[in-house]
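Remarks on the structure that follows.
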Amino acid sequence: MRIVVASSEAVPFSKTGGLADVASALPKALSQVGHDVSIIVPHYPQVHAKHTDLPDIEDIGVSLRVPVGQKIVEARVLKSHLPGTKVTVYLIDQPGYFDRPGIYVENDQDYRDNCERFVFFSRSVIETIERLHLAPDIIHANDWQTGLIPALVSIEMRHIAGYEQQASVFTIHNMAFQGRFWHWDMNLTRLDWKYFNWQQMEFFGHLNLLKTGITFADMITTVSPTYAREIQTPEFSYGLHGSLFSRRSDIVGILNGVDTEIWNPATDPYLVKTYTADTVEAGKTACKAALQKRLGLPVRPDVPLFGGVSRMTGQKGFSLIGQCADVLMDLDVQLVFLGTGDPRYEALMSQLAADHPDKVSTTIGYSEELSHQIEAGCDVFLMPSEFEPCGLNQMYSLIYGTVPIVRAVGGLADSVIDASDANRANGTANGFSFNDFRSDALFWNICRARSLFHDKTAWRKIQRQGMQQDWSWTRSAGEYVRIYERAIARQHLESECAGDEK
Ligand code: ADP
Ligand code: GLC
Numbered sequence: 464m465r466i467v468v469a470s471s472e473a474v475p476f477s478k479t480g481g482l483a484d485v486a487s488a489l490p491k492a493l494s495q496v497g498h499d500v501s502i503i504v505p506h507y508p509q510v511h512a513k514h515t516d517l518p519d520i521e522d523i524g525v526s527l528r529v530p531v532g533q534k535i536v537e538a539r540v541l542k543s544h545l546p547g548t549k550v551t552v553y554l555i556d557q558p559g560y561f562d563r564p565g566i567y568v569e570n571d572q573d574y575r576d577n578c579e580r581f582v583f584f585s586r587s588v589i590e591t592i593e594r595l596h597l598a599p600d601i602i603h604a605n606d607w608q609t610g611l612i613p614a615l616v617s618i619e620m621r622h623i624a625g626y627e628q629q630a631s632v633f634t635i636h637n638m639a640f641q642g643r644f645w646h647w648d649m650n651l652t653r654l655d656w657k658y659f660n661w662q663q664m665e666f667f668g669h670l671n672l673l674k675t676g677i678t679f680a681d682m683i684t685t686v687s688p689t690y691a692r693e694i695q696t697p698e699f700s701y702g703l704h705g706s707l708f709s710r711r712s713d714i715v716g717i718l719n720g721v722d723t724e725i726w727n728p729a730t731d732p733y734l735v736k737t738y739t740a741d742t743v744e745a746g747k748t749a750c751k752a753a754l755q756k757r758l759g760l761p762v763r764p765d766v767p768l769f770g771g772v773s774r775m776t777g778q779k780g781f782s783l784i785g786q787c788a789d790v791l792m793d794l795d796v797q798l799v800f801l802g803t804g805d806p807r808y809e810a811l812m813s814q815l816a817a818d819h820p821d822k823v824s825t826t827i828g829y830s831e832e833l834s835h836q837i838e839a840g841c842d843v844f845l846m847p848s849e850f851e852p853c854g855l856n857q858m859y860s861l862i863y864g865t866v867p868i869v870r871a872v873g874g875l876a877d878s879v880i881d882a883s884d885a886n887r888a889n890g891t892a893n894g895f896s897f898n899d900f901r902s903d904a905l906f907w908n909i910c911r912a913r914s915l916f917h918d919k920t921a922w923r924k925i926q927r928q929g930m931q932q933d934w935s936w937t938r939s940a941g942e943y944v945r946i947y948e949r950a951i952a953r954q955h956l957e958s959e960c961a962g963d964e965k
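Using the numbering used here, you'd call the opening residue of the sequence shown number 464 and step up by one each time.
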């Protein structure tokens, strides 16, 4: 099958969160089982400059003229590949839109022309496919930044000879980000205003690009089975449950996997000592001591070390940590955090470290290296998310023998099995999980983890369970192929029906 994946970010070229991990790990897994996969992403020269070990990027001499609103915007197509794979990466080079310090945000402010930037990008994905004759069986768009693509496929592309049966799939990674813009931005899309209605692209008077993707894609996926159910309810849908409910038979939740070439304690180059499930005790002891030393915490093997790596947003449950910080600091524990985001949470976590330098270390910023060292060196990983479409860090933690504490939502509910007596007895327990978004629930689970940590036999069993489960992309990539096949079959059927009517 020929597949084109469109994403606004992809590892190792650009990343703000899990979307970037998925946008390269899924294509890699699909390519490994014989599919022909290309990725199309924007070219962000200033962001790329911060990443080391990027593969070569070549100019293939293809220029595009992309209509955006009343303008024609010129761009170039650059070409690269995902390291160690057959996956081709096309990068859309348009310095006016993408040669900036940030991907979406600068100085805590969204770029004011984000709608224009990603309408342009979505159109340039279609132009690239046509110019390079990529002839994909599937165009797979992700999140609001590429939400216009399924509409362009449905409204425009299928009128072009050779693309009559073009199928599209749209994946929702996070309902909280919808790409809502004022109604006049509809002009940027160059689509007819007839589509600006409550059943298609309009949402309470605004243009909504996530809704657009949901409306026009042949099939819709989201990143865990539980989140697929949650987003059809008002609590998790940010207003779009109606749109999702009307497409409920076409929505499938597929749990993300992990790129085990990048996240593997047996081979991780960032660790002072690599380890497997059989050598976890010695490996983690060394990694924990190195982490404590690096972050200026007392080097103590006996104290449970809790960690977190994430975007600092409300989604990730920092308010709960703030609310129970006082009682937490009365315990003999250590905490390490790495993240960046909302200044409120950055200040909260920095203050906690300043007040308790022998217990807490907060690093504001982004660091691949430190994120791997936290995954390996901590005993427990905290993910008390308010909502979590999938979450990757709890899976990284499970692979690294770092027992996660999670709130049972979205992909966290689908990957972490609570260490209840029954689950420990039947051997399925791999972490701690709670239901209520309340700080006392989080605190209670921190206490549970702390006391079990001192029971070495019980702890090893929980660690080993997580480490031995299969978190790779193999299973999920197969599920995506089945969704692609359904989307293709639907298009074939629809074009046959359209042919019969003529
Ligand atoms: P989300 O996509 O909602 O941010 P995920 O758990 O799916 O959450 O993915 C987050 C990804 O971003 C993980 O790979 C995580 O390690 C990484 N990450 C987040 N913040 C940082 C940071 N400050 N430094 C390094 N990696 C980070
Ligand atoms: C989003 C979600 C996260 C998910 C990631 C990749 O950013 O917040 O839960 O793991 O996308 O799908």
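Note that CB positions come from ideal geometry on N, CA and C, so glycine has one too.
- Counting along the chain, no alpha helix (DSSP H) covers Ile566, and no H or E run does either.
- In this model, Ile503 and Thr675 are separated by some 20 Å (Cα to Cα).
- For Ile683, the uninterrupted beta strand (DSSP E) segment begins and ends at Met682 to Thr685.
- Asp722 has its Cβ no nearer than 6 Å to any heavy atom of ligand 1.
- With contacts defined by Cβ atoms closer than 7 Å, Ser687 and Asn605 do not form a contacting pair.
- Inter-segment contact for the segment 839-857 and the segment 807-823 is absent: fewer than three beta-carbon pairs are separated by less than 8 Å.
- Lys751 counts as buried, since at least 16 other C-beta atoms from the protein chains shown sit within 10 angstroms of its C-beta.
- Of the other Cβ atoms in all chains shown, fewer than 16 fall within 10 Å of the Cβ of Gln931; this residue is therefore exposed.
- Contact check for Leu801 against Ser834 passes: the beta carbons are separated by less than 7 Å.
- For a cut-off of 8 Å, the C-beta gap from Asp881 to Ser896 is around 4 Å, short enough to register as a contact.
- By the rule of a C-beta closer than 7 Å to any heavy atom of ligand 2, the residues picked out are Gly480, Gly481, Leu482, Asp484, Val485, His636, Asn637, Val686, Asn719, Gln778, Glu851, Pro852, Cys853, Gly854, Leu855, Gly873 and Gly874.
- Here His646 is exposed. Its C-beta has fewer than 16 other C-beta atoms within 10 Å.
- Met792 is not a Cβ neighbour of Tyr701, given a cutoff of 7 Å.
- The residues Ile683 and Ala691, in chain order, have a CB closer than 6 Å to that of Ile714 in the same chain once the five nearest residues on each side in sequence are set aside.
- Secondary structure of Trp645 (DSSP, three-state): strand.
- Approximately 5 Å separates the beta-carbon atoms of Val474 and Ala483; this is inside 8 Å, confirming the contact.
- The residue among Gly532, Glu537 and Val531 with its C-alpha nearest the C-alpha of Gly524 is Glu537.
- For Ala604, no alpha helix (DSSP H) run applies; the uninterrupted beta strand (DSSP E) run containing it begins and ends at Ile601 to Asn605, by DSSP.
- Judged by pairs of C-beta atoms under 8 Å, the segment 666-680 does not touch the segment 860-870, as fewer than three such pairs exist.
- With a cutoff of 7 Å on beta-carbon distance, Asp556 and Leu541 are scored as near each other.
- As DSSP reads the structure, His704 sits in no beta bridge.
- Judged by DSSP in its simplified three-state form, Tyr658 adopts helix.
- Checking the DSSP bridge columns, you'll see Ala745 has no partner listed.
- For Asn908, the enclosing alpha helix (DSSP H) starts and ends at Ser902 to Phe916.
- In this structure the segment 620-628 does not touch the segment 648-668; the number of beta carbon pairs closer than 8 Å is below three.
- Distance from the Cα of Leu489 is smallest, within the candidate group Ala512, His511, Val550 and Ser587, for Val550.
- Within a 10 Å sphere around the beta-carbon of Ile535 sit fewer than 16 other beta-carbons, which makes this residue exposed.
- Taking a C-beta distance under 7 Å as the contact criterion, Ser494 and Ile520 do not qualify as a contact pair.
- In this chain, the beta strand (DSSP E) harbouring Gln797 covers Gln797 to Gly804.
- Thr920 is classed as exposed because its beta carbon has fewer than 16 other beta carbons within 10 Å across all chains shown.
- Contact between the segment 626-635 and the segment 938-954 is established, with three or more Cβ pairs separated by less than 8 Å.
- Counting other Cβ atoms within 10 Å of its Cβ, Gly746 reaches 16 or more and is therefore classed as buried.
- For Thr730, same chain residues with a beta-carbon under 8 Å away, outside a window of 5 residues either side, are Glu724 and Thr737 in chain order.
- The residues Gln509, in chain order, have a CB closer than 6 Å to that of Pro564 in the same chain once the five nearest residues on each side in sequence are set aside.
- According to the DSSP assignment, Glu627 belongs to no beta strand (DSSP E), since it is labelled neither H nor E.
- Inter-residue distance for Gln662 and Pro530 is about 25 Å (C-alpha atoms, whole angstroms).
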